[in-house]
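Protein chains in written order, with numbering that gives the first Met the number 0: chain A, 0 to 432; chain B, 0 to 432.
Below is one structure, written out as structure tokens; the observations come after it.
Number of protein chains: 2
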Amino acid sequence: MRMVDIIHKKREGIELSEQEIQYFIEGYTEGSIPDYQVSALLMAVYYKGMSETETAILTKAMVESGETIDLSPIKGHKVDKHSTGGVGDKTTFIVGPLVASVGVPVAKMSGRGLGHTGGTLDKLESIPGFSIEITKEKFIKQVNEKKLAVAGQTGNLAPADKKLYALRDVTATVDSIPLIAGSIMSKKLASGADSIVLDVKTGTGAFMKTIEDSESLAREMVNIGNNLGRQTIAVISDMNQPLGYEVGNANEVREAVEVLQGKNISDLRNLALELAAHMTILAEVFDSYEEAISTLEKNLDNGKAFEVFKTFVEAQGGDVSVIEDLSKLPTSPYYFEIKAESEGYVSAIDAEAIGVAAMYLGAGRATKEDVINHGVGISLKKKIGDPVSIGETLVVLNSETEVPQDSINKVKEAYEITNKPVEKKTLIYKVIK
Amino acid sequence: MRMVDIIHKKREGIELSEQEIQYFIEGYTEGSIPDYQVSALLMAVYYKGMSETETAILTKAMVESGETIDLSPIKGHKVDKHSTGGVGDKTTFIVGPLVASVGVPVAKMSGRGLGHTGGTLDKLESIPGFSIEITKEKFIKQVNEKKLAVAGQTGNLAPADKKLYALRDVTATVDSIPLIAGSIMSKKLASGADSIVLDVKTGTGAFMKTIEDSESLAREMVNIGNNLGRQTIAVISDMNQPLGYEVGNANEVREAVEVLQGKNISDLRNLALELAAHMTILAEVFDSYEEAISTLEKNLDNGKAFEVFKTFVEAQGGDVSVIEDLSKLPTSPYYFEIKAESEGYVSAIDAEAIGVAAMYLGAGRATKEDVINHGVGISLKKKIGDPVSIGETLVVLNSETEVPQDSINKVKEAYEITNKPVEKKTLIYKVIK
């Protein structure tokens with residue numbers, strides 16, 4: 000088998016065989032196939048796509064290129080949740096305890112990575128004392144006993160994907176739906192869950208800007224999961240504005256806890272319920288969506304999910320008093336209020352710009368070396384559809400130093416106000432099974 | 000400027016600017032842009048093509064990546080001829096002296112390379128004593144005095160093209176018409192001629208199998224030449240069977256000399272006249288095609304071209320008595336005759352298969368290290384359209400050892416005989432100016 004023939008075949012739009020895909024992934028991982036052949040193949044894939052079968056084989060090969068996590072010592076049906084990434088997305092902190100509250104084990108492994116705000120791990124670390132460095136044994140024991148644990152991802156998961164992603168990034172081959180789908184799913188599948196619920200974001204603040212692209216990506220991922228023996232469901236949810244009102248690390252933990260305490264932040268609460276419902280149905284706890292939603296709503300309102308969250312925080316060394324009194328969460332000394340300069344209705348909030356503004360404050364990492372500041376963040380006071388009058392506060396920025404001008408400008412640019420009433424955004428566009 | 004943005008732009012089918020193309024060729028030549036980004040760009044070019052302007056800029060940048068040959072010390076209008084490569088193509092040995100016979104200086108620089116038979120240099124070296132290693136001074140003096148010289152190509156011509164070609168070869172991006180055109184033309188333009196006549200072969204034995212593809216390639220090359228200030232004409236000629244009857248090194252010199260001596264091997268003679276006519280018109284020796292052809296035919300028939308050839312051979316140290324008595328050219332001891340096994344008409348001769356058979360005999364190089372045997376070769380006795388009866392000789396193979404079976408098989412496979420009369424092949428399909 001020769002790599003040049005594989006490239007030629009894909010270039011002509013002919014489906015690659017299992018042997019060919021395995022040959023290429025194995026050779027690339029071990030270094031016998033050079034970058035320059037792989038990048039040519041990736042560009043051909045960009046134009047010619049990959050069939051459902053090819054994408055599943057590619058994903059499987061990427062999973063098999065490294066270690067996989069064995070969750071079998073954990074009793075019960077393990078369901079994982081993955082979001083394609085949005086601004087202000089703190090659903091994990093609500094979904095985790097909610098699903099655990101009906102007995103479904105949640106064994107969450109997370110990374111840090113780059114982004115507008117920190118990852119799940121960074122956000123949790125805004126709770127004083129909280130540790131994500133727990134042994135494998137303790138992790139499994141905690142999930143079995145408390146139903147919820149979050150740990151830093153260890154092990155060499157899907158190294159082929161890491162190598163491919165780095166190459167795609169510098170060869171303009173990132174935005175190929177089968178390649179994106181394979182990349183996400185290879186990491187999820189290597190993490191060992193039995194079933195997967197995907198939250199595919201769509202809109203200006205998401206990687207996929209249109210519903211059509213988001214749906215294509217969702218279908219590809221669902222197909223991969225199902226083809227490789229893991230039941231997978233995707234929810235396509237709105238990212239035309241940040242989720243909820245808070246962006247930052249402590250800011251997002253605070254808002255999530257408020258929802259766990261019963262506050263109705265409708266988009267955040269409803270998305271968490273929707274994702275939790277699908278997870279518990281996949282775990283076979285409920286037979287119907289209606290039954291799932293009504294029980295989960297009850298567990299949110301009666302504080303059961305909040306109790307699970309507190310137990311979880313305590314088990315991982317976090318200071319529970321902070322969760323009970325959110326004013327103890329880190330904040331920063333400087334505030335800046337952005338006020339409306341015209342009257343009307345908020346018609347758009349560029350989520351990506353809000354994310355960048357938060358990063359400028361120090362909430363996220365532009366490079367791996369950056370240190371996150373847990374106490375800085377952005378609080379939106381108005382969302383799409385809200386009426387505003389001149390001088391009313393749109394956003395509050397909270398910073399460690401005098402609030403930087405570039406951050407203020409970004410937020411200002413993000414807001415659009417029109418003189419006619421604006422409809423609220425749909426939250427859930429579609430569920431793909 | 001970032002290479003990833005250039006790849007992205009081409010991927011989207013947007014025309015690249017002069018700055019972008021220069022940046023990429025310069026960076027690739029000096030090594031600051033890696034292979035893996037270039038191969039992704041090449042694959043995008045494969046799908047999206049390049050405009051006439053882009054192709055001309057690319058070619059210019061490749062020319063400027065290395066040395067160029069200065070032919071200005073040679074008096075008169077220098078016209079070069081280039082063939083895209085075919086089996087049995089020995090027109091250079093006729094065209095050169097023919098054009099020189101009317102006073103047009105022919106300063107030919109040739110390479111060796113791989114192929115079914117040797118290159119121009121290897122073929123000339125079948126004349127005992129002939130040397131292609133002459134100094135630049137002697138080369139120029141010889142062209143000025145004798146109007147014809149052939150030397151081995153020296154100097155670092157179009158190194159960007161060499162690097163790109165090697166990369167295309169292993170990334171399935173060879174067969175892109177703008178890239179092929181740019182590659183050929185960069186070397187021709189670096190060689191310094193004022194005008195260029197291209198012989199674009201078409202058919203089973205050519206790189207371009209269809210008239211349409213050959214015409215596209217021809218047009219691209221003519222556009223490049225004209226855009227970069229060198230008048231360029233392309234003749235699209237048949238390569239659905241070998242040109243003439245002889246394939247090999249001494250074999251081809253022998254057949255070319257026979258034409259110079261007045262023998263009418265019609266396809267070879269007519270193609271040589273056609274190419275020479277365009278060259279002399281570009282050199283402004285003749286005003287009309289008819290005038291050119293009639294003078295050139297005369298110089299072929301009256302032996303003037305043959306005299307130029309002999310003078311040229313002598314000037315480069317070759318034994319002229321061999322040219323006067325062709326039986327002195329090298330041959331080999333073993334012969335094998337392939338005879339017709341059915342009666343009818345020759346309907347096809349796979350030129351590529353004949354070429355491969357010649358290489359098996361030792362006439363060409365499969366790898367750079369192979370040593371050429373000047374005395375082996377293949378003589379066709381029948382060509383397309385010829386009637387044959389059972390037992391009649393189709394081909395004679397001449398070999399240094401017992402004629403190898405793989406070579407015999409290849410030739411047998413190459414011939415097709417049908418029971419109905421077959422039309423002769425058209426020789427010249429089109430002239431592109």
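Backbone N, C-alpha and C fix where the C-beta goes; we use that ideal spot for every residue, glycine too.
The structure presented is a predicted model; accordingly, all values stated were derived computationally and were not measured.
At least one CB of chain B lies nearer than 8 Å to the CB of A/M42.
With a threshold of 8 Å between beta carbons, A/D34 makes contact with chain B. Using a C-beta cut-off of 8 Å, the segment 27–41 of chain A makes no contact with the segment 116–130 of chain A, since fewer than three inter-stretch Cβ pairs fall below that distance. Residues of the segment 164–195 of chain A whose Cβ lies closer than 7 Å to any Cβ of chain B, in chain order: L166, V169, T170, A171, T172. Using beta-carbon distances, B/A159 does not count as an interface residue toward chain A, since no partner is under 8 Å. The C-beta distance from B/G151 to B/D318 rounds to 20 Å, too long to fall under 8 Å, and the pair is not in contact. Distance from the CA atom of A/L328 to the CA atom of A/R268, rounded to whole angstroms, is 21 Å. Rounded to the nearest whole angstrom, the C-alpha separation of A/P177 and A/D34 is 19 Å. Using a Cβ distance threshold of 8 Å, A/A339 and A/V387 count as a contacting pair. Counting other Cβ atoms within 10 Å of its Cβ, B/I93 reaches 16 or more and is therefore classed as buried. Taking each of A/G243, A/V78, A/V252 in turn and checking the Cα distance to A/N263, the smallest one comes out for A/G243.
Put simply, the segment 342–350 of chain A does not touch the segment 213–220 of chain A. Fewer than three CB pairs are less than 8 Å apart. Put simply, the CB of A/A39 is near chain B, with a gap under 8 Å to one of its CB atoms. In terms of beta-carbon proximity, A/I416 stays away from the interface with chain B, with every pair separated by 8 Å or more. When DSSP reads this structure, A/G343 sits in a beta bridge with A/V387. Taking all protein chains shown into account, A/R1 has fewer than 16 neighbouring C-beta atoms within 10 Å of its C-beta and is therefore exposed.
Using beta-carbon distances, B/I20 does not count as an interface residue toward chain A, since no partner is under 8 Å. A Cβ-Cβ contact shorter than 8 Å links A/K423 with A/G384. In the same chain as B/N298, and ignoring 5 residues on each side of it, the C-beta atoms closer than 7 Å to its own belong to L97, S100, V101, A304, in chain order. In the displayed model, B/A276 falls within a helix according to three-state DSSP.
Per the C-alpha coordinates, the member of A/L325, A/G343, A/G181, A/K80 positioned closest to A/L281 is A/K80. The C-alpha of A/A39 is placed about 47 Å away from the C-alpha of A/T400. Residues of the segment 45–65 of chain B with a C-beta atom less than 8 Å from some C-beta of chain A are Y45, Y46, listed in chain order. Against chain A, the beta carbon of B/R10 has neighbours under 9 Å at M42, Y45, Y46, A171, T172, listed in chain order. Under the DSSP definition of a beta bridge, A/T67 lacks any partner. Taking a Cβ-Cβ threshold of 7 Å, the residues of chain B close to A/I6 are T170, A171, in chain order. Scanning chain A for C-beta atoms nearer than 9 Å to the C-beta of B/V3 yields D168, V169, T170, A171, reported in chain order. Within the same chain, G261 come within 7 Å of B/D300 by CB-CB distance, once the 5 residues on both sides are set aside.
Annotated three-state conformation of A/M42 is helix, per DSSP. The alpha helix (DSSP H) runs of length 4 or more contained entirely in the segment 125–184 of chain B are, from start to end of the chain, 135–145, 158–169. An exposed status is given to B/Y334, since fewer than 16 other beta-carbon atoms sit within 10 Å of its beta-carbon.
Straight across, the Cα-Cα distance linking A/E254 with A/G95 is about 15 Å.
Per DSSP, the continuous alpha helix (DSSP H) segment holding A/T310 begins and ends at 303–314. B/S194 places its beta carbon 8 Å or farther from that of B/R167.
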